[in-house]
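Engineer: Residue numbers for the sequence shown follow my numbering, beginning at 342 and rising by one.
Note that the Cβ used here is the ideal one computed from N, Cα and C, for glycine as well.
Every value quoted in this text rests on a predicted model; they were computed, and no experiment measured them.
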Amino acid sequence: MSERGLETRQFGHRARLALSPALALKADDQAHAARTMWNLLHAWWQMMPKEKRTLANADAAIRQARQDIDFLAVLPAQAAQAVLKTYFQAWKSCWAGRADAPNFKARFRSTLTVDVPQGRDLNIVRVHRRWGMANLPKIGRVRFRWTKDLPVGKHADKDNRITGARLVKDPLGWHIAFRVQSLEPVPEPHQGPETGIDVGITVPLALSDGETYGHGAWLTAREQARLLGLEQRAARRKKHRKPGERTSRRLHHTYDQIAGLRAKAKRRASDWQHKTTTKIADTYGTVVVEALTITNMVKSAKGTVDQPGKNVAQKSGLNRSVSGEAWGRTVTMLTYKLARRGGTLAKVPAPNTSRRCSACGFTTPGSRETQALFVCKNPDCGWSGNADHNAARNILHLYRTGHALIPAAGRAVARRARRVKPATAR
342 MSERGLETRQ FGHRARLALS PALALKADDQ AHAARTMWNL LHAWWQMMPK
392 EKRTLANADA AIRQARQDID FLAVLPAQAA QAVLKTYFQA WKSCWAGRAD
442 APNFKARFRS TLTVDVPQGR DLNIVRVHRR WGMANLPKIG RVRFRWTKDL
492 PVGKHADKDN RITGARLVKD PLGWHIAFRV QSLEPVPEPH QGPETGIDVG
542 ITVPLALSDG ETYGHGAWLT AREQARLLGL EQRAARRKKH RKPGERTSRR
592 LHHTYDQIAG LRAKAKRRAS DWQHKTTTKI ADTYGTVVVE ALTITNMVKS
642 AKGTVDQPGK NVAQKSGLNR SVSGEAWGRT VTMLTYKLAR RGGTLAKVPA
692 PNTSRRCSAC GFTTPGSRET QALFVCKNPD CGWSGNADHN AARNILHLYR
742 TGHALIPAAG RAVARRARRV KPATAR
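#1: Can you determine whether any heavy atom of the ligand GDP sits closer than 7 Å to the C-beta of Pro584, and answer yes or no?
#2: Who are the near neighbours of Gln614 in its chain, counting only those whose CB is closer than 8 Å to its CB and skipping five residues on each side?
#3: Could you tell me which of Arg355, Ser725, Ser641, Thr742 sits nearest to Ala518, measuring between CA atoms?
#4: Work out the CA separation of Ala610 and Gly557 for me, nearest whole Å.
#5: Beta-carbon within less than 6 Å of Asn660's beta-carbon, same chain only, minus the 5 sequence neighbours each way: which residues are those?
#6: Distance check for Arg357 and Gly723, CA to CA, integer angstroms please.
#7: Since Leu508 and Ala604 are thought to touch, with beta carbons under 8 Å apart, how far apart are those beta carbons, to the nearest angstrom?
#8: In chain order, which alpha helix (DSSP H) runs of at least 4 residues are fully inside the segment 410-442?
#9: Apart from the five residues on each side of it in sequence, which residues of its chain come closer than 7 Å, Cβ to Cβ, to Phe429?
#10: Mind checking Arg591: buried by the 16 CB within 10 Å criterion, or exposed?
#11: Output needed for Ser549: all residues of its chain with C-beta closer than 6 Å, excluding positions within five of it in sequence on either side, in chain order.
#12: Would you call Thr561 buried or exposed, if buried means 16 or more other Cβ atoms sit within 10 Å of its Cβ?
#13: Could you have a look at His496 and say whether DSSP puts it in helix, strand or coil?
#14: Please state the DSSP three-state secondary structure of Arg357.
#15: Scan the segment 694-753 and note each continuous beta strand (DSSP E) run of 3 residues or more that stays entirely inside, going in chain order.
#16: With DSSP collapsed to three states, give me the class of Lys393.
#17: Measure the C-alpha to C-alpha separation of Glu631 and Pro417 and round it to an integer number of angstroms.
#18: Give every residue of the same chain whose Cβ lies closer than 7 Å to the Cβ of Leu633, excluding the five residues on either side of it in the sequence, and list them in chain order.
#19: Check this for me: beta carbons of Ala713 and Asn727, under 8 Å apart or not?
#20: Below 8 Å between beta carbons: does that hold for Ser708 and Cys698?
#21: The beta strand (DSSP E) with Asn476 in it runs from where to where?
#22: Does the segment 564-573 come within contact of the segment 526-533, defined as at least 3 CB pairs closer than 8 Å?
#23: What's the call for Lys678, buried or exposed, on a 16-neighbour Cβ count within 10 Å?
#24: Taking Ile517 as part of the alpha helix (DSSP H), name the residues at either end of that continuous run.
#25: The alpha helix (DSSP H) spanning Leu317 covers which residue range?
#26: Quick check on DSSP: helix, strand or coil for Arg461?
#27: Alpha carbon to alpha carbon, how far is Trp559 from Lys616? Give it in angstroms, no decimals.
#28: Pull up the CB-CB distance for Trp379 and Lys446, whole angstroms please, since I reckon it's below 8 Å.
#29: Where does Tyr625 fall in DSSP's three states?
#30: Can Ala349 and Asp498 be called in contact, C-beta distance under 8 Å?
#31: Hey, out of Ala375, Ala414, Ala687, Val457, whose CA is closest to Tyr625's CA?
#32: Could you give the distance in angstroms between the alpha-carbon of Gly751 and the alpha-carbon of Thr685?
#33: Whose C-beta lies closer than 6 Å to the C-beta of Lys762 among residues of the same chain, with five residues either side of it excluded?
#34: Per DSSP, what are the beta-bridge partners of Ile538 in this structure?
#35: For Ile503 versus Leu491, is the C-beta spacing smaller than 8 Å?
#36: Mind checking who Ala402 pairs with in its DSSP beta bridge?
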């Protein structure tokens, strides 16, 4: 941070690419070369003794591989170096307990990506109100949707610039994700009020002041019917496939259509989350949410052969609904948007926030009579109201009484996986 009250911030911006079939094929070739480079690095890592697993030896190995394997030459040298750095960083994250160990990347189950590490190689210009152009190494000049002002041309300097980018292919096509560095003023403390937020499925977001934010289905009825038909078609074709037989092109095409519809639903959900969290961050100075362990909430109820679970189908449907709401992504958006506006986000323990009466403070069995109705069973109280708003008020009460979790929400907590040596002992 400088003396003028400015600070350097890093953020990303994703835009849709408009590639011709020939350019899309070049991007596909580079992405598959990058995936192959990752797999070769992983095989090299498994073969080498621990004392020879160094960055210099790995760099020499990939240089030799680019000479011996012809199709790896389509990948720019800097992109190959980015694969090497990403692979080593994946192992560091594994040793620190933040992620699983790196593994091979399959052809059809991996996201295709290509790195452009140097922002100056992009040569970005704005050619139209809605379109910009960038230079992609060994691909050429391509157009992308201009939906956000980027620091290019006379607006770029050492403090405000694009430091790099990554090409990402999803079921909706190729996109480019820019890495942007900007110098922005330090925000003043947000003077907005405090609010607690209770997340749910029937009511996605309920605030302690009585405000609610909801949404409809992410897919239309026609799109849902088409998705169901595609899933049934894929199940039939998979059922008639012999064990070990290679997946047919028709089945892969059906999988691509299913992935396209699901990606469309995810894009609509993300759009709603961005708009909703922006409105909340503009309005409130402090936002309090529950510290939910979502991975435990969506565990299967199938059980074992000896002890089978109960209501397995119902629990599976609930798990899909919870995953579809993407509560973790909502909290992530709130965290950085509040920080940019001078606000704060806090997390409080989740137990009993839905069972406690926000009026008298007692927790009595059976107070939540329905999904939407809360009636306090305390004879001296008898308060009734919306159950989601009652939970949101309890969440805010926990924060005001000093039950906010430390460290603050949004800060990564380093944890070491079990039976894994710390990085300093390797």
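Structural biologist: The relevant details are as follows:
#1: Looking at this structure, you won't find the ligand GDP or any other ligand, since it has none at all.
#2: Here residue 614 is taken as the residue at index 273 of the sequence shown, counted from 1. Contacts found: Ala667, Arg670, Thr671, Met674.
#3: For the purposes of this step, residue 518 is taken as residue 177 along the sequence shown, with counting starting at 1. If we check each option's Cα against that of Ala518, Arg355 comes out closest.
#4: Position 216 of the sequence shown, counted from the start, is the residue given in the question as residue 557. Position 269 of the sequence shown, counted from the start, is the residue given in the question as residue 610. One C-alpha to the other measures close to 10 Å.
#5: Along the sequence shown, read from residue 1 onward, the residue named residue 660 stands at position 319. If we look at Asn660 and ignore the five residues flanking it on each side, its Cβ neighbours are Val639.
#6: For this step, residue 723 is matched to residue 382 along the sequence shown. For this step, residue 357 is matched to residue 16 along the sequence shown. Each residue's CA atom was taken as its position, placing Gly723 and Arg357 some 55 Å apart.
#7: For this step, residue 508 is matched to residue 167 along the sequence shown. For this step, residue 604 is matched to residue 263 along the sequence shown. Contact flag wrong, Cβ pair sits at about 16 Å.
#8: Runs of the alpha helix (DSSP H) inside the segment 410-442: 418-436.
#9: As a position in the sequence shown, residue 429 is number 88, starting the count at 1. Leu396, listed in sequence order.
#10: The residue labelled residue 591 in the question sits at position 250 within the sequence shown. Classification for Arg591: exposed.
#11: What you label residue 549 is simply residue 208 of the sequence shown in a count that begins at 1. Shown here for Ser549: same chain residues with a beta carbon closer than 6 Å to its own, the five before and five after excluded, namely Thr536, Gly537, Ala733, Arg734, Leu737 in chain order.
#12: Sequence index remark: in the sequence shown, residue 561 carries index 220 (1-based). The residue is exposed, with fewer than 16 neighbouring Cβ atoms inside 10 Å.
#13: As a working mapping, residue 496 is identified with position 155 in the sequence shown. If DSSP states are grouped into helix, strand and coil, His496 belongs with the helices.
#14: Along the sequence shown, read from residue 1 onward, the residue named residue 357 stands at position 16. It is a strand residue.
#15: Entirely contained in the segment 694-753, the beta strand (DSSP E) runs reaching 3 residues are, in chain order, 714-716, 725-727.
#16: Position 52 of the sequence shown, counted from the first residue, corresponds to residue 393. Helix.
#17: Here residue 631 is taken as the residue at index 290 of the sequence shown, counted from 1. Here residue 417 is taken as the residue at index 76 of the sequence shown, counted from 1. One Cα belongs to Glu631, the other to Pro417, and the distance between them is close to 45 Å.
#18: Reading the sequence shown from its first residue, position 292 is the one you call residue 633. Trp668, Ala691, listed in sequence order.
#19: Here residue 713 is taken as the residue at index 372 of the sequence shown, counted from 1. Here residue 727 is taken as the residue at index 386 of the sequence shown, counted from 1. In contact: Ala713 and Asn727 (Cβ atoms closer than 8 Å).
#20: Residue numbering aside, residue 708 sits at position 367 when the sequence shown is read from its first letter. Residue numbering aside, residue 698 sits at position 357 when the sequence shown is read from its first letter. It is a contact, given that the beta carbons lie within the stated cut-off.
#21: Taking the sequence shown and counting its residues from 1, one reaches residue 476 at position 135. 472-477 is the extent of the beta strand (DSSP E) around Asn476.
#22: By the criterion of at least three beta-carbon pairs nearer than 8 Å, the segment 564-573 is not in contact with the segment 526-533.
#23: Taking the first residue of the sequence shown as 1, we reach residue 678 at position 337. With 16 or more Cβ atoms within 10 Å of its Cβ, Lys678 is classed as buried.
#24: Within the sequence shown, residue 517 is the residue found at index 176, counting from 1. Careful: Ile517 lies outside any alpha helix (DSSP H), inside the beta strand (DSSP E) at 514-526.
#25: A question about residue 317 goes unanswered here, because the residues of the chain that appear run from 342 up to 767.
#26: The residue labelled residue 461 in the question sits at position 120 within the sequence shown. The three-state reading of DSSP puts Arg461 in helix, counting H, G and I together.
#27: The residue you call residue 616 lines up with position 275 of the sequence shown. The residue you call residue 559 lines up with position 218 of the sequence shown. Approximately 15 Å, taken between the alpha carbons.
#28: Translated into the one-based positions of the sequence shown, residue 379 becomes position 38. Translated into the one-based positions of the sequence shown, residue 446 becomes position 105. Rounded to the nearest angstrom, the Cβ distance from Trp379 to Lys446 is 5 Å, consistent with a contact under 8 Å.
#29: Sequence index remark: in the sequence shown, residue 625 carries index 284 (1-based). Looking at Tyr625 - three-state DSSP - the assignment turns out to be coil, as it is neither helix nor strand.
#30: By 1-based counting over the sequence shown, the position of residue 349 is 8. By 1-based counting over the sequence shown, the position of residue 498 is 157. Residue 349 is actually Thr in this sequence, not Ala. Thr349 is not a Cβ neighbour of Asp498, given a cutoff of 8 Å.
#31: Along the sequence shown, one-based indexing puts residue 625 at 284. Distance check between Tyr625 and each of Ala375, Ala414, Ala687, Val457 places Ala687 closest, using alpha-carbon atoms only.
#32: Mapped onto the sequence shown, residue 751 falls at position 410. Mapped onto the sequence shown, residue 685 falls at position 344. Here Gly751 scores only 41 on pLDDT, less than 50, and its place in the model is too uncertain to base an answer on.
#33: Along the sequence shown, read from residue 1 onward, the residue named residue 762 stands at position 421. Summary for Lys762: the model assigns pLDDT 42, below 50, so the residue's position carries little reliability, and this model does not support an answer.
#34: Counting from 1 along the sequence shown, the entry for residue 538 is found at position 197. In the DSSP secondary-structure assignment, Ile538 is bridged to Leu548.
#35: Residue 503 sits at position 162 when you count from the first residue of the sequence shown. Residue 491 sits at position 150 when you count from the first residue of the sequence shown. Less than 8 Å divides the Cβ of Ile503 from the Cβ of Leu491.
#36: The residue given as residue 402 occupies position 61 in the sequence shown. Answer is none; Ala402 lacks a bridge partner.
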